[in-house]
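This note's numbering puts the first residue of the sequence shown at 1056, with every later residue one more than the last. A quick write-up on the structure given underneath.
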Amino acid sequence: MSGDESRARDRGISVHILGRDYRLACPEGEEKQLLASVDYLNERIKDLREGGKLSGNERLAIIAAVNIAHEHLHQKPGKGGASVDGPEHRRRILAMQETLEAALAADQDKLF
1056 MSGDESRARD RGISVHILGR DYRLACPEGE EKQLLASVDY LNERIKDLRE
1106 GGKLSGNERL AIIAAVNIAH EHLHQKPGKG GASVDGPEHR RRILAMQETL
1156 EAALAADQDK LF
């Protein structure tokens, strides 16, 4: 399947992260997983914010992303996780990276 055909099957999903709405590409049939990932990210950001040690959306997003990546890298196979090198992990990390880049770009627009 070509990249264009794959993108044509992807759906756009509206999500809310750090008080902003984003539209993210999502492969057909993976909507629940994407929404669960966004919920998880929002929970982690909320935990960081409530801890009182961090401020600023950009910093919160970056620290949350690093913490989540750390959790995935240290997840042991056989304990509910697959190999770190698995295609599903790569896809999820790329989706998180796109979300972070969109959030950072939006914050950069506010600076100037």
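All residues carry an ideal CB built from backbone N, CA and C; glycine is no exception. All values reported here derive from a predicted model rather than from experimental measurement.
Item	Value
Assign Val-1093 to buried or exposed, taking buried as 16 or more other Cβ atoms, counted over all protein chains shown, within 10 Å of its Cβ.	buried
At which residues does the beta strand (DSSP E) containing Leu-1079 begin and terminate?	1075-1081
In the DSSP assignment, the beta strand (DSSP E) including His-1071 goes from what residue to what residue?	1066-1072
DSSP state of His-1129, grouped into three classes?	coil
Run the CB neighbour count on Ala-1168, radius 10 Å, all protein chains shown included, and call it buried at 16 or more, exposed below.	Residue numbering for the chain in the displayed model covers 1056 to 1167; residue 1168 lies beyond these limits and cannot be assessed.
Can you tell me whether Glu-1085 is helix, strand or coil according to DSSP?	coil
Please go through the same chain and pick out, in chain order, the residues whose beta-carbon is closer than 6 Å to the beta-carbon of Arg-1147, but skip the five residues on each side of it.	none
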